[in-house]
Amino acid sequence: MSVSPAEALERLKAGNLRFQNNEPHTYVRVLEDFDVDPQSQDPFAAVLTCSDSRVVCEMLFDTGIGDLFVARLAGNIASPEALGSLEFAVNALGVNLILVLGHENCGAIKAAMSGESYAGHLEEVIGVIRPAVVGAPDYHAAILANIRQSIEVISRAPLLAARLASGSLAVSGGYYDLDSGSVRFLD
Ligand SMILES: [Zn+2]
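Quick note on the numbering used here: the sequence shown kicks off at 17 and runs consecutively.
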């Protein structure tokens, strides 16, 4: 079932409000709660978010199994692998909304702001974030700038361009506040 970008965004907003208000509709914890079609999937939105253990999309948007196609990488970076995953969600699964979700106290952003270099593959992750946070006046602004950088990278993906230009696909940003559980959607 195709869900328009605006409708998908409304579903995410409404789900996050239920979560904030401690009124979730969805509760899936044990095997008998699982209700999946093993042959296919039909998510209504894709989310690129951080690997941070406190950012659990299905809970904070009060969605069920099969509702969200989630790519998680430290710092919610739009790496080539993340882009490929999102292209699959859009072009193969018919998802019409991509949300880039950053969050409060993101360690990857703090690392990128520190000026330090890191060992191993972590340096590759932090290196993607660094250009976004240069010049950001503070931590919060850096987190927002990194969300916007990922949105820009996604928006330039050739396999998404036509859908974006026609308006049948949208890319939005969100900031998850760990204290309140609220997601603030960016313009
Ligand atoms: Zn993070």
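Yeah, the Cβ is synthetic: ideal placement off N, Cα and C, and Gly gets one too.
Residue i Cβ short of 7 Å to ligand 2 heavy atom set
| i | result |
| --- | --- |
| A22 | With respect to ligand 2, the structure shown offers nothing to examine, as its ligands consist of ligand 1. |
Beta-carbon spacing of residue i, residue j below 8 Å
| i | j | result |
| --- | --- | --- |
| I114 | A177 | no |
| F85 | A105 | yes |
| A124 | G151 | no |
| R88 | C66 | yes |
| L64 | L102 | yes |
| E120 | L194 | yes |
| I93 | V52 | no |
| F60 | V19 | yes |
Beta-bridge partners of residue i, as assigned by DSSP
| i | result |
| --- | --- |
| L113 | A186 |
| L84 | A61 |
| V106 | In the DSSP output, where bridge partners are listed per residue, V106 has none listed. |
| N151 | It should be pointed out that residue 151 corresponds to Gly in this sequence rather than to Asn. Paired residue(s): none; G151 is not in a bridge. |
| F201 | G190 |
| H119 | Y192 |
Assigned exposure category for residue i - 16 Cβ within 10 Å defines buried
| i | result |
| --- | --- |
| Y235 | Nothing can be reported for residue 235, as the shown portion of the chain is limited to 17 through 203. |
| V46 | exposed |
| A229 | This structure leaves residue 229 out entirely; the chain is present only between 17 and 203. |
| P54 | exposed |
| N37 | exposed |
| S196 | exposed |
Assumed close pair residue i, residue j - CB separation to whole angstroms, cut-off 8 Å
| i | j | result |
| --- | --- | --- |
| A161 | V149 | 6 Å |
| Q57 | L109 | 6 Å |
- Query: Per the contact definition of three or more C-beta pairs closer than 8 Å, is the segment 134–150 in contact with the segment 184–202?
  - Reply: no
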